[in-house]
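Participant: One structure coming up, written as structure tokens, with questions to follow.
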């Protein structure tokens, strides 16, 4: 096996391992992330406070 083939296989192997680790981390974080509840917007029907000069 030539040196070029060996280096190419090492790089491809490293990329595949890095991709698998990234996929696993993203999968775990999405699965175990607590659900986010959007805060209810405050009621804007009241009169705004008068500003003092």
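In the working numbering, the protein residues as written are 1069 to 1121. Glycine included, C-beta positions come from ideal geometry on N, C-alpha and C.
How long is the line joining the alpha carbons of residue 1092 and residue 1074, rounded to whole angstroms?
Facilitator: For the purposes of this step, residue 1092 is taken as residue 24 along the chain shown, with counting starting at 1. For the purposes of this step, residue 1074 is taken as residue 6 along the chain shown, with counting starting at 1. So the alpha carbons of these two residues sit roughly 27 Å apart.
Participant: Determine the direct distance from the alpha carbon of residue 1117 to that of residue 1096, and round the result to whole angstroms.
Facilitator: Numbered from its first residue, the chain shown carries residue 1096 at position 28. Numbered from its first residue, the chain shown carries residue 1117 at position 49. Approximately 47 Å, taken between the alpha carbons.
Participant: CA-CA distance, residue 1069 and residue 1106?
Facilitator: In the chain shown, residue 1069 corresponds to position 1, counting from 1. In the chain shown, residue 1106 corresponds to position 38, counting from 1. If you take the alpha carbons of residue 1069 and residue 1106, they lie about 58 Å apart.
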